[in-house]
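Trainee:
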Amino acid sequence: EGNPCNMHLLDVATEAKRFIEEAGMVGLRFNSIGVSDGISNGTDGMAYSLQSRDLIADGIETVMGAQFYDANLSIPGCDKNMPGCLMAMARVNRPSVMVYGGTIRAGCRPDEDEKLDIISAFQAYGEYISGKVDDETRLDIVRNACPGPGACGG
Numbered sequence: 001e002g003n004p005c006n007m008h009l010l011d012v013a014t015e016a017k018r019f020i021e022e023a024g025m026v027g028l029r030f031n032s033i034g035v036s037d038g039i040s041n042g043t044d045g046m047a048y049s050l051q052s053r054d055l056i057a058d059g060i061e062t063v064m065g066a067q068f069y070d071a072n073l074s075i076p077g078c079d080k081n082m083p084g085c086l087m088a089m090a091r092v093n094r095p096s097v098m099v100y101g102g103t104i105r106a107g108c109r110p111d112e113d114e115k116l117d118i119i120s121a122f123q124a125y126g127e128y129i130s131g132k133v134d135d136e137t138r139l140d141i142v143r144n145a146c147p148g149p150g151a152c153g154g
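Mapping of the sequence shown onto the UniProt record's numbering: residues 1 to 154, in sequence order.
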C-alpha cells in the first residue's frame, strides 16, 4: 500500500491464490518489501533503492528454502522488484513464474487535453521553482499524474 507501483498487488495475489487453489494446488502467500524510486527520488532514500532488490531476492529465497515450497509465483510491481524476483528464482531452482503487476495508466488534467505521468509531476516542480507555472498548476499536475495503481509509466 505504500506506493502506486505495489498498492494493488495484494488484490492480484489474492486472485492468483484463488485460481491456484481452484486448480487443486495449495497457495501460500508471503509478502516482500517494495521501495519506490518515484517517492525516494532526490532524497537520501535513493540509497536504499538498489539494495531493496537484493533484500527481495534474499527474502524469497529464504522463505522458499526454509518452508520447502514446491514452486513460486511472484507478482512484482516496481522496477527493482522484478530483478529481485528473478534473482530468487534462479537461486532456488524450482518451478517459478513471474507475473508483472502492470504499468500505471496515464493521467490527464481535468480541464486540459494533456496526458500526464510520473515524469510530468517531477517536471512540474522544476517548472514551479523556475517560475514557469504557479503552485496551483503544479498541484493540479501532481494530483492527476498518477490516477491509480501500477508501476511508473514515464
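By construction, the Cβ of each residue, glycine as well, lies at the ideal position given by its N, Cα and C atoms. Since we're looking at a predicted model, the values are computed, not measured.
For MET98, write down the residues that DSSP places opposite it in a beta bridge.
Mentor: SER74
Trainee: Give every residue of the same chain whose Cβ lies closer than 7 angstroms to the Cβ of ASP140, excluding the five residues on either side of it in the sequence, and list them in chain order.
Mentor: ARG109
Trainee: For the alpha helix (DSSP H) holding CYS5, just list the boundary residues, first then last.
Mentor: Counted as a single uninterrupted DSSP element, the stretch harbouring CYS5 is not any alpha helix (DSSP H), since DSSP gives it neither H nor E.
Trainee: Tell me the DSSP secondary structure of LYS17 in three-state form.
Mentor: Looking at LYS17 - three-state DSSP - the assignment turns out to be helix.
Trainee: Beta carbon of ASN144, beta carbon of GLY102: below 8 angstroms?
Mentor: no
Trainee: What are the boundary residues of the alpha helix (DSSP H) that ARG91 is part of?
Mentor: 81-92
Trainee: Indicate the three-state DSSP secondary structure (helix, strand or coil) for GLY107 in the structure shown.
Mentor: Here GLY107 sits in strand by DSSP.
Trainee: Examine the Cβ distances between the segment 57-73 and the segment 85-94 and report whether three or more of them are shorter than 8 angstroms.
Mentor: Three or more Cβ pairs drawn from the segment 57-73 and the segment 85-94 lie within less than 8 angstroms of each other, which places the two stretches in contact.
Trainee: First and last residue of the alpha helix (DSSP H) that includes GLU127?
Mentor: Element bounds for GLU127: 118-129.
Trainee: Buried or exposed: where does ARG29 fall if 16 or more other Cβ atoms within 10 Å of its Cβ makes it buried?
Mentor: exposed
Trainee: Spell out whether any CB of chain C is found under 8 angstroms from the CB atom of CYS108.
Mentor: In the displayed structure, chain C is absent; only one protein chain is listed.
Trainee: Measuring alpha carbon to alpha carbon, tell me which of ILE104, ASP37, VAL26 and VAL63 ends up nearest CYS85.
Mentor: VAL63
Trainee: Which residue's Cα is closest to the Cα of PRO95: ASP111, PHE68 and ASN81?
Mentor: PHE68
Trainee: ASN81: buried (16+ other C-beta within 10 angstroms of its C-beta) or exposed?
Mentor: Result: buried.
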